[in-house]
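Chains as they are written, first to last, in the numbering used here: chain A, -14 to 324; chain B, -14 to 324. So the structure is just underneath, and the comments pick up after that.
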């Protein structure tokens, strides 16, 4: 079958990937749409560093390291919608043709594996892939499968908002209006938060922030967001060194800072500022299955309309170029891959 | 009157300080005992840096800077008990001779000023000082005024424990068994937390940690505390760069990290580890007046016995030497100054 794979730092088109065969508990699906995630771009460019950090954590913490060999092809793609084709042996699932999405996790006789970066487990940048029968969620209300593919990134925003414990009357500031910041803004708006400010250098991204629910946007090149907003909750969705320290310096006493942007580099902070103002920093990652289901429901019931987020759509042979295009924040938010 | 003042980085004895005169709302008291705080040692050694950080924060945040001139004598001492001498004009207070303590804050016609570092407002390293009538708390139950002087540092521990939201069944790890770590341990024990581990390089401090309520102690020179303990809540009471990052690497998923040690230097962290484990970092400072009163009550009712914490007692002419002695963690925890 056809797929786009990571090879030597570039996304390469292949038409000779063996079709996956479902084991018991697994379901073979045809991918309908798969979003390109910033973490995939990062892994393509800096995979060795990601793996080394992951190993380092595993060695000091005792968790599991990622076993990915960068000298072989790597499958990626974890934001997908799909159509049920065929269940594995002794497996009950939805009828063929059912449109579904799923948390990107594959269960097998060997255990539970995230569908994120793998030399073996095919992800969403392919014609077909395997999913776990118990995790399949049918796409309700005739929701466009292209929109349903964004259940996953929108769940990231929902999880960050849930972890923040924000109340409707508390002012939110979202730093960075890439796909994660946008997902946070959409969830804040869906929750009824009354004052949502968003900051990004890109005018396109500020426009998108407004379309997705921000009440005001700020160009940090003109002035610090903290000059015009006194947020109770700050969402850091940039993920580059220096942002956390800047928030600690500028935020008001008692600010809650939610770190949802993934900074892979060392970062320097001045604890003194955070201490003096009793700042709380909550680092967040991903979502739980309940939040994933709630995200799908919010899209299907029209509480969140992801249409403005989708700025491109390519085939499997266009994934390499799409990865290059996404480097330019002015042009794109989310590019979908439609096999 | 007599006092010990900071002059050119050293504590100097003086016998020519003018007696303070109480304004309306103020009370002149005779200091009975005053604890030497680590922050005073730090200010004596690095006052210019503290003031510069404070100015920096004030300029970016809009808060108030500290106006202290290091080329003139500086009064310090904010952990005190005292005896009421005389109220200011039109001021109701307790009868002369009443033993009291107070949050270290002085109200005057000019506003509210912390009693911490000042060229004008006398602190607890003096024969007499001014306090604010509304803040005076009589020392109950015949509690030794030497013990009552430690209401303030013990309130710091109580506040950190309150902010942590720790439950009795959650395992606590306290990193650093100086006066702040010890105050945290005492409050954890008073709250009934069932597993309290404490780490410090100094055998003396580990002994003190046990005396104050730690169930187990760890020498970090032998092994990382995380090798033997899986804490739900970690209290960082060391205050030097590198500790926060080490906790982020070693702690389990969902750990709450309470930063109660005051690190005045830049610190480098790897957000990746904290993100992957959704760690929460709560920076804390000081206490509120309710916690201060609760701390006094805990000492007076015998819930916390601070006797083991007091490792020295000097007169006003011994403050300089006591500051030097406190640099050696093996010998001292808390030295009291008795004017």
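Beta carbons: idealized from backbone N, C-alpha and C, even for Gly.
Point to revise | Status (buried if at least 16 other CB within 10 Å, exposed otherwise) for residue 170 of chain A | key: For this step, residue 170 of chain A is matched to residue 185 along the first chain. Of the residues assessed, residue 170 of chain A falls on the buried side of the cut-off, its CB having 16 or more other CB atoms within 10 angstroms.
Check your understanding: Based on the DSSP secondary-structure assignment, which residues constitute the bridge partners of residue 119 of chain A?
Key -> Taking the first residue of the first chain as 1, we reach residue 119 of chain A at position 134. DSSP, once it has assigned bridges, lists no residue as partnering residue 119 of chain A.
Check your understanding: Looking at residue 241 of chain A and residue 264 of chain A, is the spacing between their C-beta atoms short of 9 Å?
Key -> In the first chain, counting from the first residue as 1, residue 264 of chain A sits at position 279. In the first chain, counting from the first residue as 1, residue 241 of chain A sits at position 256. Against a cut-off of 9 Å, the Cβ pair of residue 241 of chain A and residue 264 of chain A comes out as a contact.
Check your understanding: What is the DSSP secondary structure of residue 357 of chain B, reduced to helix, strand or coil?
Key -> Absent from the model: residue 357 of chain B. The displayed extent of chain B is -14 to 324, so no value can be given.
Practice item. With 7 Å as the C-beta to C-beta threshold (strictly closer), list the residues of the segment 258 to 282 of chain B near chain D in chain order. Key: No chain D appears in the structure shown, which is made up of the protein chains A and B.
Practice item. Grab me the residues of residue -3 of chain B's own chain with a C-beta within less than 8 Å of its C-beta, minus the 5 sequence neighbours each way, in chain order. Key: To locate residue -3 of chain B, count along the second chain from 1; it is residue 12. Beyond the five residues adjoining it in sequence on each side, residue -3 of chain B comes within less than 8 Å, by CB distance, of -11, -10, -9, 58, 305 in the same chain, given in chain order.
Review point. Buried or exposed: which applies to residue 44 of chain A, given that a residue is buried once 16 or more other Cβ atoms fall within 10 Å of its Cβ?
Key: Position 59 of the first chain holds residue 44 of chain A. It counts as exposed.
Practice item. Figure out for me which residue from A/252, A/205, A/7, A/261 has the closest Cα to the Cα of residue 114 of chain A. Key: Residue numbering aside, residue 114 of chain A sits at position 129 when the first chain is read from its first letter. For residue 114 of chain A, the nearest C-alpha among the options comes from A/7.
Exercise for review: Tell me where the beta strand (DSSP E) around residue 92 of chain A begins and ends.
Suggested key: Here residue 92 of chain A corresponds to residue number 107 of the first chain, with the count starting at 1. Where residue 92 of chain A is concerned, the enclosing beta strand (DSSP E) stretches over 90 to 93.
**Study point:** DSSP-derived helix/strand/coil call for residue 308 of chain B
**Key:** Counted from its first residue, the second chain places residue 308 of chain B at position 323. In the structure shown, residue 308 of chain B sits in a helix (DSSP, three-state: H, G or I).
Review point. Hey, out of B/111, B/160, B/80, B/262, whose CA is closest to residue 204 of chain B's CA?
Key: To locate residue 204 of chain B, count along the second chain from 1; it is residue 219. Looking at the Cα atoms, B/160 is the closest of the given residues.
**Study point:** Collapsed DSSP secondary structure at residue 276 of chain A in the structure displayed
**Key:** Here residue 276 of chain A corresponds to residue number 291 of the first chain, with the count starting at 1. It is helical.
**Study point:** For residue 119 of chain A and residue 36 of chain B, the rounded distance between their alpha carbons
**Key:** On the second chain, residue 36 of chain B is found 51 positions in, with the first residue counted as 1. On the first chain, residue 119 of chain A is found 134 positions in, with the first residue counted as 1. Whole-angstrom Cα-Cα distance: 59 Å.
Review point. Using a C-beta to C-beta distance shorter than 7 Å, which residues of chain A count as neighbours of residue 255 of chain B?
Key: Position 270 of the second chain holds residue 255 of chain B. Neighbours of residue 255 of chain B on chain A, chain order: 251.
**Study point:** Terminal residues of the beta strand (DSSP E) in which residue 105 of chain B lies
**Key:** Against the second chain, residue 105 of chain B aligns to sequence position 120. Taken as a continuous stretch (DSSP letters only), residue 105 of chain B belongs to no beta strand (DSSP E), as it is neither H nor E.
Check your understanding: Is residue 208 of chain B helix, strand or coil when you go by DSSP?
Key -> For the purposes of this step, residue 208 of chain B is taken as the residue at position 223 of the second chain. Three-state DSSP puts residue 208 of chain B in coil, outside helix and strand.
Point to revise | Three-state class that DSSP yields for residue 179 of chain B in the structure shown | key: In the second chain, the residue the question calls residue 179 of chain B occupies position 194. For residue 179 of chain B, the three-state secondary structure derived from DSSP is coil.
Review point. Is it buried or exposed for residue 252 of chain B, if we count other Cβ within 10 angstroms and need 16 for buried?
Key: Translated into positions along the second chain, residue 252 of chain B becomes position 267. Within a 10 Å sphere around the beta-carbon of residue 252 of chain B sit 16 or more other beta-carbons, which makes this residue buried.
Check your understanding: Of all Cβ atoms in chain B, is any one closer than 9 Å to the Cβ of residue 247 of chain A?
Key -> The residue given as residue 247 of chain A occupies position 262 in the first chain. Yes, contact with chain B.
Practice item. Could you tell me which of A/30, A/157, A/190 sits nearest to residue 220 of chain A, measuring between CA atoms? Key: By 1-based counting over the first chain, the position of residue 220 of chain A is 235. The candidate whose alpha carbon is nearest that of residue 220 of chain A is A/157.
Exercise for review: Give a yes or no on whether 9 Å exceeds the smallest Cβ distance from residue 165 of chain A to chain B.
Suggested key: Along the first chain, one-based indexing puts residue 165 of chain A at 180. Answer no: the Cβ-Cβ gap between residue 165 of chain A and chain B never drops below 9 Å.
Review point. Rounded C-beta distance between residue 256 of chain B and residue 22 of chain A? I'm assuming under 8 Å.
Key: Taking the first residue of the second chain as position 1, residue 256 of chain B is located at position 271. Taking the first residue of the first chain as position 1, residue 22 of chain A is located at position 37. Rounded, the Cβ-Cβ distance is 18 Å, inconsistent with contact.
Practice item. Starting from residue 147 of chain A, trace the alpha helix (DSSP H) both ways and give me its first and last residue. Key: Here residue 147 of chain A corresponds to residue number 162 of the first chain, with the count starting at 1. For residue 147 of chain A, the enclosing alpha helix (DSSP H) starts and ends at 136 to 149.
Exercise for review: Report yes or no: is there a C-beta of chain B within less than 9 Å of the C-beta of residue 38 of chain A?
Suggested key: Stepping through the first chain from its first residue, residue 38 of chain A is reached at position 53. At least one chain B Cβ lies under 9 Å of residue 38 of chain A.
Exercise for review: Would you tell me roughly how many angstroms separate the C-alpha atoms of residue 208 of chain B and residue 231 of chain B, rounded to the nearest one?
Suggested key: Here residue 208 of chain B corresponds to residue number 223 of the second chain, with the count starting at 1. Here residue 231 of chain B corresponds to residue number 246 of the second chain, with the count starting at 1. Rounded to the nearest angstrom, the two C-alpha atoms are 13 Å apart.
Point to revise | Reference residue 201 of chain A; option with closest CA among A/53, A/316, A/182 | key: Here residue 201 of chain A corresponds to residue number 216 of the first chain, with the count starting at 1. With distances taken between Cα atoms, residue 201 of chain A lies closest to A/182.
Check your understanding: What did DSSP end up calling residue 99 of chain B once you bin it into helix, strand or coil?
Key -> As a position in the second chain, residue 99 of chain B is number 114, starting the count at 1. In the structure shown, residue 99 of chain B sits in a strand (DSSP, three-state: E or B).
Check your understanding: Can the beta-carbon of residue 133 of chain B be found less than 9 Å from the beta-carbon of residue 124 of chain B?
Key -> Taking the second chain and counting its residues from 1, the one referred to as residue 133 of chain B is at position 148. Taking the second chain and counting its residues from 1, the one referred to as residue 124 of chain B is at position 139. Result yes, Cβ atoms of residue 133 of chain B and residue 124 of chain B sit closer than 9 Å.
Review point. So who's on the other strand from residue 325 of chain A, going by DSSP bridges?
Key: In this structure chain A extends from -14 to 324, so residue 325 of chain A is not present and cannot be described.
Practice item. Starting from the Cα of residue 104 of chain B, find the closest Cα among B/246, B/40, B/3, B/14 and give me that residue. Key: Numbered from its first residue, the second chain carries residue 104 of chain B at position 119. Checking every option, the nearest Cα to that of residue 104 of chain B belongs to B/3.
Point to revise | Between the CA atoms of residue 63 of chain B and residue 9 of chain B - distance to the nearest angstrom | key: Taking the second chain and counting its residues from 1, the one referred to as residue 9 of chain B is at position 24. Taking the second chain and counting its residues from 1, the one referred to as residue 63 of chain B is at position 78. Each residue's alpha carbon lies about 22 Å from the other.
Point to revise | Delimiting residues of the alpha helix (DSSP H) encompassing residue 257 of chain A | key: Counting from 1 along the first chain, the entry for residue 257 of chain A is found at position 272. From DSSP, the alpha helix (DSSP H) with residue 257 of chain A extends over 256 to 261.
Check your understanding: When you compare each of A/187, A/51, A/87, A/40 to residue 19 of chain A by their alpha carbons, which one comes out closest?
Key -> On the first chain, position 34 is the one that residue 19 of chain A refers to. Comparing Cα-Cα distances from residue 19 of chain A to each of A/187, A/51, A/87, A/40, the minimum goes to A/87.
Check your understanding: Can the beta-carbon of residue 254 of chain A be found closer than 9 Å to that of residue 269 of chain B?
Key -> Against the first chain, residue 254 of chain A aligns to sequence position 269. Against the second chain, residue 269 of chain B aligns to sequence position 284. No; because the gap between Cβ atoms is not below 9 Å, this pair is not in contact.
Practice item. Please check if any C-beta of chain B sits within less than 9 Å of the C-beta of residue 229 of chain A. Key: Here residue 229 of chain A corresponds to residue number 244 of the first chain, with the count starting at 1. Chain B contact via Cβ: present.
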